[in-house]
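Take a look at the structure set out below.
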Amino acid sequence: MADPYYIENCPGRGRGVFANKTYSPGDYILSFTGKQTPIHEITDFTHFLQIAPDIFLSPSGKADDYVNHSCDPNCAVYFESDGPVLRAITTIAPDQEFSFDYGTIMFSEPTMFQCECGSPNCRGLIGNFYSLPEELRKKYQTENMVPLLSRYSLEEIQAAQNEEGC
Ligand SMILES: [Zn+2]
Numbered sequence: 137m138a139d140p141y142y143i144e145n146c147p148g149r150g151r152g153v154f155a156n157k158t159y160s161p162g163d164y165i166l167s168f169t170g171k172q173t174p175i176h177e178i179t180d181f182t183h184f185l186q187i188a189p190d191i192f193l194s195p196s197g198k199a200d201d202y203v204n205h206s207c208d209p210n211c212a213v214y215f216e217s218d219g220p221v222l223r224a225i226t227t228i229a230p231d232q233e234f235s236f237d238y239g240t241i242m243f244s245e246p247t248m249f250q251c252e253c254g255s256p257n258c259r260g261l262i263g264n265f266y267s268l269p270e271e272l273r274k275k276y277q278t279e280n281m282v283p284l285l286s287r288y289s290l291e292e293i294q295a296a297q298n299e300e301g302c
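Sequential numbering of the sequence shown, starting at 137, is according to our numbering.
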């Protein structure tokens with residue numbers, strides 16, 4: 137059987153991950169792997185995924201590193217018993233690119249970068265959860281699309297950051 141997804145270059149946006157079959161909302165796509173890394177050991181957060189107030193998963197070198205951001209995502213990240221996973225939130229057709237909103241997983245990263253997602257409601261910049269419009273923060277939380285907040289409070293996340301002196 138063919139792989140359920142493939143990695144390909146997207147002009148101007150590095151690599152992306154694309155469906156090789158049809159996915160329905162809720163379908164499992166892939167797991168985020170990598171090594172648990174304390175926040176104070178990280179200087180470049182590229183492809184790191186925050187899994188606790190003071191812990192990130194390092195890049196794995198696999199497809200989970202290359203799922204791009206979109207301001208109009210078709211996937212979301214959930215923390216499940218075996219770790220973080222990517223699931224479809226809409227129907228995804230073969231050859232469509234997977235995407236999730238990086239604003240739902242970034243808390244302790246100060247970085248803002250240019251968004252090239254091209255969706256009609258593109259925010260122009262990719263930033264952390266605090267940079268999202270309030271309405272969108274509420275929508276994502278209501279839809280359980282902010283995995284860190286399914287386990288920790290904002291206060292706990294911020295307290296860990298303050299201890300690191302960020
Ligand atoms: Zn965008």
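Note that the Cβ used here is the ideal one computed from N, Cα and C, for glycine as well. As the structure is a computational prediction, the values presented were derived from the model and not from experiment.
When the Cα atoms are used, residue 293 and residue 245 turn out to be separated by approximately 12 Å. Collapsing the DSSP output to three states places residue 151 in a strand. Going by beta carbons, residue 237 and residue 209 fall inside the 8 Å limit.
Distance between residue 252 and residue 220, taken at the CA atoms: about 25 Å.
For residue 146, the shortest separation between its Cβ and any heavy atom of ligand 1 does not lie below 7 Å. Straight across, the Cα-Cα distance linking residue 156 with residue 285 is about 31 Å. Non-local C-beta neighbours of residue 188 in its own chain, meaning closer than 6 Å and more than five positions away in sequence, are absent. Comparing alpha carbon positions, the residue from 163, 289 and 250 closest to residue 262 is 250.
Spanning the alpha carbons of residue 150 and residue 225 requires a straight line of approximately 23 Å.
Sequence-distant Cβ neighbours of residue 146 in its own chain, meaning closer than 8 Å and more than five residues away, are 152, 204 and 233. A Cβ closer than 5 Å to some heavy atom of ligand 1 marks a residue here, and those residues are 207, 251, 253 and 258.
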